[in-house]
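Participant:
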Amino acid sequence: MKESQGIEKLQTYIPGLDLIADGGLPKGRTTLVAGTSGSAKTVFAAQFLAAGISQAEENGVFVTFEESPEAIRRNVKGFGWDIEQWEADGKWVFVDASPDPAEEVTIIGNYDFGGLLVRIEHAIRKNGAKRVAMDSVGTVFTRYSERATVRRELFRIIAALREIGVTAVLTAERNEEYGEIARFGVEEFVADNVIILRNSLEEEKRRRTIEILKFRGTYHQKGEWPFTVSSGKGIVVLPLSVIELNQSSTDQRVHSGNEELDKMCGGGFFRDSIILVSGATGSGKTLLATKFLAGGVARGEKALMLAFEESRPQLIRNSRGWGDDFAAMEQAGKLRIVCTYPETASLEEHLLEIKAAVEEFRPNRLAIDSLSALERMATAKGYREFIVGLTSFVKHGELVGLFTATTPTLLGGASVTESHISTMTDSIILLRYVEVYGDIRRGIVVIKMRGSGHEKEIREFTIDAQGMHIGRPFRGITGILSGNPIQASADEMERLDELFKTR
Amino acid sequence: MSKKYLLKLYITGRTPRSEQSIANLRIILERELDDEYELEVIDVLEKPQLAEDEKILATPTLIKKLPAPVRRLIGDLSDTEKVLLGLDLKRLE
Chain A
1 MKESQGIEKL QTYIPGLDLI ADGGLPKGRT TLVAGTSGSA KTVFAAQFLA AGISQAEENG
61 VFVTFEESPE AIRRNVKGFG WDIEQWEADG KWVFVDASPD PAEEVTIIGN YDFGGLLVRI
121 EHAIRKNGAK RVAMDSVGTV FTRYSERATV RRELFRIIAA LREIGVTAVL TAERNEEYGE
181 IARFGVEEFV ADNVIILRNS LEEEKRRRTI EILKFRGTYH QKGEWPFTVS SGKGIVVLPL
241 SVIELNQSST DQRVHSGNEE LDKMCGGGFF RDSIILVSGA TGSGKTLLAT KFLAGGVARG
301 EKALMLAFEE SRPQLIRNSR GWGDDFAAME QAGKLRIVCT YPETASLEEH LLEIKAAVEE
361 FRPNRLAIDS LSALERMATA KGYREFIVGL TSFVKHGELV GLFTATTPTL LGGASVTESH
421 ISTMTDSIIL LRYVEVYGDI RRGIVVIKMR GSGHEKEIRE FTIDAQGMHI GRPFRGITGI
481 LSGNPIQASA DEMERLDELF KTR
Chain B
1 MSKKYLLKLY ITGRTPRSEQ SIANLRIILE RELDDEYELE VIDVLEKPQL AEDEKILATP
61 TLIKKLPAPV RRLIGDLSDT EKVLLGLDLK RLE
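Protein chains in written order, with the working numbering: chain A, 1 to 503; chain B, 1 to 93.
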């Protein structure tokens, strides 16, 4: 029988982790999880066991070196893990190796960790554990000053765990986010499999990432991946762009919310597409988003509005002003409006909330107004990751997504959002102010429509109590998109026509 | 009031280190306490649950239960002075 090339993986059931770990943690081995203080190591260790119990019927042993079992039970309740119940059911066993502050300990002569090893083995036998977590190893080094002895004994314990065949997670401290792997050179004896948790400060914002540094003998995704720690869920890794680009494309068209716009787009928007609507403040983006949603609801669809700039009362009032009754649609369960201040959570958390809202409400179409509000509060890297995660999620779910973005100048120019995400969107609609003989008029143009022909003309549109009315193209004006509209004279128009005339 | 010492020594199997610690201890106790002590030697390999109950990490571990306060000494007990200090059998001069 041919020996398999790679090492088998144990599915952890920690959301997102198994995807970047290409299946899970190396089975029957110990993986070192190193992180600075506050990087969620203990949560990881506890979740490794909790997920095993709740999703895979795999019992676990938690060896705690630092916190007392009581503290751990209390601290993880917020994630929905009832350790006490699992202990009563014989699924979770604690090995309490935490220090007793009341007791005085003196070290005289040579020793080993035979007692600890025996207790761990005993616990594993007691509940038939498949998973072991040990948290965290640095405290042992500070309590027992003989480093060589501690290293040797920990190595012995790890070897014993391998012998038994359990899959283990060992946490260790680090001093710096980007420095040596772990304190006390722990990585030297748990060298085979290393995961690093980071909680770094970038441009005044905290960013949690997980990196699989190495798995001996088996594949994993490289680099750092963002994750969140949220109540009720624990750690959720966001594997974003790993989601393969094999979404099937559809020819099915949906109503954009405005019939003229449908025409400009060659028949409407595609079902699983992302439309970016870009324009200056007040140029009609929210109106377009509102019409997009209302148009869907009118044709029997369910729509979800994620608003990061306006409040619910404002949106409902606006919608009424344009001839739609958002309040009634919500009542009827056809529309859901979610309003959030961007500053209340990290981008990763927002992404998770968006996913949760979609999974729960199951809309056919989704509008986000505006992406720029979210862009303000993240680093460039974080924002790009967010967009990748969002767009792949929307396409996966076969939704139509319309996102608005604000351009920084009134008359034109490109927004930063456009440059970031224009390659990922399928359609781009620009809304521009046009200055004409002392008047400010409005222009709309479709500049990209992947997979379809579309009108190239910049059309004028007006807004009234019935909404948006798209009219005729601007004739005789050049430079609208650059923000410098210039009336072309009749002569010039003729000359241009001549230039492009076919013989 | 009886000043009887109650001691428990936890070892991992009958290894040279275990035997060493037992031997070292007996010498000290015979000399200092004559008969006024009770020593229980517990092999954690045979009784893992007792190791769990007492939260034994390292072995050998000697626990002085009585008289109070409770003290733990870890190791082969090869340094007599330290053992005496650790068991409150000798005051620090």
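Beta carbons are placed, not taken as given, at the ideal position from N, Cα and C, and that holds for glycine.
All of these numbers come straight from a predicted model, not from anything done at the bench.
What are the partner residues of N199 (chain A), as DSSP defines its beta bridges?
Facilitator: Answer is A:R208, bridged to N199 (chain A).
Participant: For a test of the three-state rule: what should DSSP assign to A133 (chain A), helix, strand or coil?
Facilitator: Here A133 (chain A) sits in strand by DSSP.
Participant: List, in chain order, every chain B residue whose beta-carbon is nearer than 9 Å to that of T171 (chain A).
Facilitator: In chain order: nothing, as chain B lies at least about 17 Å away.
Participant: Residue range of the beta strand (DSSP E) that W225 (chain A) falls in?
Facilitator: Per DSSP, W225 (chain A) belongs to the beta strand (DSSP E) from E224 to S230.
Participant: With 7 Å as the C-beta to C-beta threshold (strictly closer), list the residues of the stretch 7-31 of chain B near chain C in chain order.
Facilitator: Included in the structure are the protein chains A and B, with no chain C among them.
Participant: Whose C-alpha, out of A:K334, A:T286 and A:G300, is nearest the C-alpha of G321 (chain A)?
Facilitator: Considering only alpha carbons, the answer is A:T286.
Participant: Under 9 Å between C-beta atoms, does P168 (chain B) make it to chain A?
Facilitator: Since the displayed chain B opens at 1 and closes at 93, residue 168 (chain B) lies outside it and no answer follows.
Participant: Answer with yes or no whether the minimum CB distance from K90 (chain B) to chain A is below 9 Å.
Facilitator: No - not a single Cβ of chain A is within 9 Å of the one on K90 (chain B).
Participant: Identify the contact partners of I74 (chain B) in chain A, using a Cβ-Cβ distance below 9 Å as the criterion.
Facilitator: Chain A residues near I74 (chain B): V105, T106, I107, I108, G109, Y111 and Y144.
Participant: Using the DSSP secondary-structure output, state which residues sit across from M449 (chain A) in a beta bridge.
Facilitator: A:S427.
Participant: Using a Cβ-Cβ distance cut-off of 9 Å, determine whether E8 (chain A) contacts chain B.
Facilitator: No - not a single Cβ of chain B is within 9 Å of the one on E8 (chain A).
Participant: Rounded to whole angstroms, what's the CA-CA distance from D96 (chain A) to P48 (chain B)? Just pull it up for me.
Facilitator: Using only the alpha carbons, I get a separation of about 14 Å.
Participant: Report the three-state DSSP secondary structure of I22 (chain B) (helix, strand or coil).
Facilitator: In the structure shown, I22 (chain B) sits in a helix (DSSP, three-state: H, G or I).
Participant: Assuming E103 (chain A) is part of the alpha helix (DSSP H), what are its boundary residues?
Facilitator: Here E103 (chain A) belongs to no alpha helix (DSSP H), and DSSP marks it neither H nor E.
Participant: List, in order along the chain, the chain B residues whose C-beta lies closer than 8 Å to that of H122 (chain A)?
Facilitator: Within 8 Å Cβ-Cβ: P48, Q49, A51 and E52.
Participant: When the cut-off is 9 Å and only beta carbons count, does S4 (chain A) lie next to chain B?
Facilitator: Because the pLDDT of S4 (chain A) is 43, which lies under 50, any placement of that residue in the model is unreliable, and the number read from its coordinates should be weighed accordingly. It does not: the Cβ of S4 (chain A) has no partner Cβ on chain B nearer than 9 Å.
Participant: Starting from the beta carbon of G52 (chain A), find every residue of chain B whose beta carbon is closer than 7 Å, and list them in chain order.
Facilitator: By Cβ distance, chain B contributes nothing, its closest Cβ being about 22 Å from G52 (chain A), past 7 Å.
Participant: I need the DSSP call for L87 (chain B), collapsed to helix, strand or coil.
Facilitator: It is coil, neither helix nor strand.
Participant: Using CA atoms only, rank isn't needed, just tell me which of A:M424, A:M468, A:I458 and A:P408 is closest to R450 (chain A).
Facilitator: It is A:M424.
Participant: Could you pull the start and end residues of the alpha helix (DSSP H) that F44 (chain A) belongs to?
Facilitator: Start and end: K41 to A56.
Participant: By the 8 Å beta-carbon criterion, what residues does the stretch 312-346 of chain A contribute toward chain B?
Facilitator: For the stretch 312-346 of chain A, which is checked against every Cβ of chain B, not one residue is closer than 8 Å.
Participant: Cβ atoms of R495 (chain A) and I458 (chain A): under 9 Å apart, would you say?
Facilitator: Contact: no.
Participant: Tell me the rounded alpha-carbon separation between L390 (chain A) and E173 (chain A).
Facilitator: So the alpha carbons of these two residues sit roughly 33 Å apart.
Participant: Can you confirm whether the stretch 39-57 of chain A touches the stretch 138-155 of chain A when touching is taken to mean that 3 or more C-beta pairs between the two stretches lie within less than 8 Å?
Facilitator: No, the stretch 138-155 of chain A is not in contact with the stretch 39-57 of chain A.
Participant: Could you give the distance in angstroms between the alpha-carbon of H220 (chain A) and the alpha-carbon of D53 (chain B)?
Facilitator: Computed Cα separation, rounded: 41 Å.
Participant: Would D34 (chain B) count as contacting chain A if we go by Cβ distances under 9 Å?
Facilitator: No, D34 (chain B) does not count as interfacial toward chain A.
Participant: At a Cβ threshold of 9 Å, is V132 (chain A) touching chain B?
Facilitator: Not closer than 9 Å to any Cβ of chain B, the Cβ of V132 (chain A) fails to qualify, so no.
Participant: Taking just the CA atoms, how far does V137 (chain A) sit from E518 (chain A)?
Facilitator: Any answer about residue 518 (chain A) is impossible in this case: the structure gives chain A only from 1 up to 503.
Participant: Using a Cβ-Cβ cutoff of less than 6 Å, which residues in the same chain neighbour A133 (chain A) once the five nearest sequence positions on both sides are dropped?
Facilitator: Closer than 6 Å at the Cβ level, and outside the excluded window around A133 (chain A), lie A45, F48, L49, F62 and V169.
Participant: From the DSSP output, which residues share a beta bridge with P60 (chain B)?
Facilitator: DSSP lists no partner for P60 (chain B).
Participant: Between the stretch 16-33 of chain A and the stretch 212-231 of chain A, can you find at least three pairs of beta-carbon atoms closer than 8 Å?
Facilitator: Yes: at least three Cβ pairs fall under 8 Å.
Participant: Using Cβ-Cβ distances below 7 Å, what residues of the stretch 68-97 of chain A are close to chain B?
Facilitator: Listed in sequence order: D96 and A97.
Participant: In chain A, which residues lie less than 7 Å from L45 (chain B) when you measure between Cβ atoms?
Facilitator: Within 7 Å Cβ-Cβ: V118.
Participant: May I ask which residues mark the beginning and end of the beta strand (DSSP E) holding M329 (chain A)?
Facilitator: Element bounds for M329 (chain A): not the beta strand (DSSP E) but the alpha helix (DSSP H), F326 to Q331.
Participant: Could you give the first and the last residue of the continuous beta strand (DSSP E) run that contains W92 (chain A)?
Facilitator: It spans W92 to D96 - the beta strand (DSSP E) in which W92 (chain A) sits, taken as one unbroken run.
Participant: Can you tell me whether DSSP reads P313 (chain A) as helix, strand or coil?
Facilitator: P313 (chain A) falls in the helix class under three-state DSSP.
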